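Mapping to our numbering: the sequence shown position 81 is 82, numbers consecutive.
We put the CB at the ideal spot given by N, CA and C, even for glycine.
Because the structure is a prediction, the values reported are computed rather than measured.
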Amino acid sequence: MSTTANGNDSKKFKGDIRGPGVPSRVLHIRKLPNDIAETEVISLGLPFGDVTNLLMLKAKNQAFLEMNSEEAAQNMVGYYSTVMPVIRNHPVYVQFSNHKELKTDNSPNQERAQAALRALSTSHVDTAVAAPSSVLRVVVENLVYPVSLDALCQIFSKFGTVLRIIVFTKNSQFQALLQYPDGASAQAAKLSLDGQNIYNGCCTLRISFSKLTSLNVKYNNEKSRDFTRPDLPSGDSQPTMEHPAMATAFTPGIISAAPYGGATHAFPPAFTIQPAVSFPYPGLTVPALPGGLASLSLPGATRLGFPPLPAGVCVLLISNLNPERVTPHCLFILFGVYGDVMRVKILFNKKENALVQMSDSTQAQLAMSHLSGQQLHGKSLRITLSKHTSVQLPREGHEDQGLTKDYSNSPLHRFKKPGSKNYSNIFPPSATLHLSNIPPSVVEDDLKMLFSSSGAVVKAFKFFQKDHKMALIQMGSVEEAIECLIEFHNHDLGENHHLRVSFSKSSI
Numbered sequence: 002m003s004t005t006a007n008g009n010d011s012k013k014f015k016g017d018i019r020g021p022g023v024p025s026r027v028l029h030i031r032k033l034p035n036d037i038a039e040t041e042v043i044s045l046g047l048p049f050g051d052v053t054n055l056l057m058l059k060a061k062n063q064a065f066l067e068m069n070s071e072e073a074a075q076n077m078v079g080y081y082s083t084v085m086p087v088i089r090n091h092p093v094y095v096q097f098s099n100h101k102e103l104k105t106d107n108s109p110n111q112e113r114a115q116a117a118l119r120a121l122s123t124s125h126v127d128t129a130v131a132a133p134s135s136v137l138r139v140v141v142e143n144l145v146y147p148v149s150l151d152a153l154c155q156i157f158s159k160f161g162t163v164l165r166i167i168v169f170t171k172n173s174q175f176q177a178l179l180q181y182p183d184g185a186s187a188q189a190a191k192l193s194l195d196g197q198n199i200y201n202g203c204c205t206l207r208i209s210f211s212k213l214t215s216l217n218v219k220y221n222n223e224k225s226r227d228f229t230r231p232d233l234p235s236g237d238s239q240p241t242m243e244h245p246a247m248a249t250a251f252t253p254g255i256i257s258a259a260p261y262g263g264a265t266h267a268f269p270p271a272f273t274i275q276p277a278v279s280f281p282y283p284g285l286t287v288p289a290l291p292g293g294l295a296s297l298s299l300p301g302a303t304r305l306g307f308p309p310l311p312a313g314v315c316v317l318l319i320s321n322l323n324p325e326r327v328t329p330h331c332l333f334i335l336f337g338v339y340g341d342v343m344r345v346k347i348l349f350n351k352k353e354n355a356l357v358q359m360s361d362s363t364q365a366q367l368a369m370s371h372l373s374g375q376q377l378h379g380k381s382l383r384i385t386l387s388k389h390t391s392v393q394l395p396r397e398g399h400e401d402q403g404l405t406k407d408y409s410n411s412p413l414h415r416f417k418k419p420g421s422k423n424y425s426n427i428f429p430p431s432a433t434l435h436l437s438n439i440p441p442s443v444v445e446d447d448l449k450m451l452f453s454s455s456g457a458v459v460k461a462f463k464f465f466q467k468d469h470k471m472a473l474i475q476m477g478s479v480e481e482a483i484e485c486l487i488e489f490h491n492h493d494l495g496e497n498h499h500l501r502v503s504f505s506k507s508s509i
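Now the structure itself:
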């Protein structure tokens, strides 16, 4: 095969048949969305170096991108092999091309591609003005809704490759430290995002350059992540950082959701910022009103062309379940930590799949963002928004072996009361559980025996000093904690006390 890809005959151009492992500065990009824009393809390469040429094969949903050096192309392929790039809901695939360079002609298609290249390369941040640091300090002010590490990654990866990120709470403020490969990306992110709201009218980003030149991350979990080291352990405890300032800045736990305004929690039609990473990060909901990130205007803003999320999507499709062990009740209890579950249906012919209907789309997003990728019964949960608007109950006289359950009148709903304090206690799954409603006669050993009766390991236990109705119990792993929450939430402890179990932000 020729080593030059020629745009003269792009209709007949076959693209690369196989995925070669031989490095080249030309990259073959596949599975692009039908209405892909040139700027979106170019933006995949910009964080790694200058893009010198582009050949679009729209009919085949493919493109060829030429980088200014083989090293830039290798960095790009290396990064996207661990972090799946997503353009508007479509995972796209990046590999080395068999071609060593691109030659393009003057057809209207190619002229458009060249114009996009010129526009983006001139609007790219002026690197002559050196940024003070490639590490940004991000403070989220007016924190009305939960903001997770994953959500920040999705927002900041629009401006370059996020290498490392740490989230923590300091002086009662939710903060993050985020490292890019170069100061230019940090500069671009700061210029575009400083002062923007993640959600309309709240969760305001305040961004400054950090004095740190690099972040040292030891664990990949919901509090810290190093995308260059997918081999790092998840670690049940908080990340330990070698920089003394970081150690003092870090307190365990992510953030809590403040009570949502109004009893209906109705959001306006929302936008989804697509994940830029291969972990099961769901979309972040951003109300489509001025002032939110959706209204950002920046060079190459097609990169932030968020597709609308249908208002009121409240049914989730859960896949990769363990068909031997999953029940509607266990999904009701687990998803009920993040919202009120109305109905659950385990699919009759595919019992590893289930539909869970939440009471509204906000709760569906919360459950999806916190539970995607978590281990349940030895399998990693995969969660997406379902095309169904509700879960149908079986017709009368049609038994489905108890696989469909209606929980709309359940007394176990945690969020029935508007402004319930449960809204401020929404945390990601953790190895430490918060127990409440413990009667006076129940002592530490009773609860330790109860939780270890399931076969789980109890690592630590602590009653609250001021209130013995509440305690923290630390299990051997997050997976064990999830199973214990399912098994022992609402457990009858006698004296008309039913145990309440939720995930804790603290560790013992």
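Item	Value
Under the three-state DSSP convention, the category Q188 falls into	helix
Contact under 9 Å by Cβ, I208 with V140	yes
Where Q375 falls: helix, strand or coil (DSSP)	coil
Separation of Q393 from P86, as counted between CA atoms	35 Å
Residues near C204 in its chain [Cβ-Cβ closer than 7 Å; skip 5 each side]	V141, N143, L144, V145, Y146, V148, N198
C203 - DSSP class collapsed to helix/strand/coil	strand
Cβ-Cβ separation, I43 to K59 (assumed contact under 8 Å), whole Å	About 15 Å; that fails the 8 Å criterion.
As assigned by DSSP and simplified to three states, the class of L394	coil
C-alpha gap between R344 and D407, whole angstroms	5 Å
Local Cβ density within 10 Å of V168, reported as buried at 16 or more and exposed below that	buried
Proximity to L150 [Cα-Cα], best of N110, Q180, R226, K463	R226
L451, enclosing alpha helix (DSSP H) - first and last residue	445 to 453
For P253, the three-state DSSP class (helix, strand or coil)	Its pLDDT being 26, under 50, P253 is placed unreliably by the model, and the measurement read from it follows with that caveat. In the structure shown, P253 sits in coil (DSSP, three-state: anything other than H, G, I, E or B).
Span separating the alpha-carbon of T433 from that of F97	45 Å
Proximity to K346 [Cα-Cα], best of Q375, S186, S391	S391
Supposed close pair V459, K449 - CB separation, criterion 8 Å	5 Å
Buried or exposed (CB count within 10 angstroms, at least 16 for buried), D183	buried
Nearest-angstrom Cα separation, counted from K191 out to G262	The predicted position of G262 is uncertain, since its pLDDT is 28 and thus under 50; a value taken from the coordinates is nonetheless stated next. Roughly 30 Å separates the two Cα atoms.
Cutoff 7 Å; reference L216; Cβ partners in own chain excluding five residues on either side	V136, R165, I167, L178, Q180
Contact under 9 Å by Cβ, S381 with N321	yes
Boundaries of the alpha helix (DSSP H) in which S44 is found, first to last residue	39 to 46
9 Å Cβ cutoff met for V502 and H435	yes
Enclosing alpha helix (DSSP H) for I156 [first to last residue]	150 to 157
Helix, strand or coil at A432 according to DSSP, with G and I counted as helix	coil
Simplified DSSP assignment, three categories, for M471	coil
Extent of the continuous alpha helix (DSSP H) run through H29	Where H29 is concerned, there is no enclosing alpha helix (DSSP H), although the beta strand (DSSP E) it sits in stretches over 27 to 31.
H378 versus R26 - alpha carbon distance	44 Å
Pick from E102, R31, Q155, M77 that is closest to L45, judged by C-alpha positions	M77
Cut-off 6 Å between Cβ atoms - residues of its own chain near F160, not counting five sequence neighbours on either side	S186, A189, A190
Whole-number beta carbon distance between I487 and C331, since they are thought to touch under 8 Å	5 Å
Any non-hydrogen atom of the ligand SAM closer than 8 Å to T229 Cβ	Because no ligand of any kind appears in the structure shown, any question about the ligand SAM cannot be addressed here.
Separation of N497 from M369, as counted between CA atoms	33 Å
Segments of 4+ residues assigned as alpha helix (DSSP H) that fall wholly inside the stretch 62 to 128	71 to 83, 109 to 124
V327 beta carbon less than 9 Å from that of V342	no
DSSP beta-bridge partners of M516	The chain is shown only over 2 to 509; residue 516 falls outside these bounds and no answer can be derived.
First and last residue of the uninterrupted beta strand (DSSP E) at L318	316 to 320
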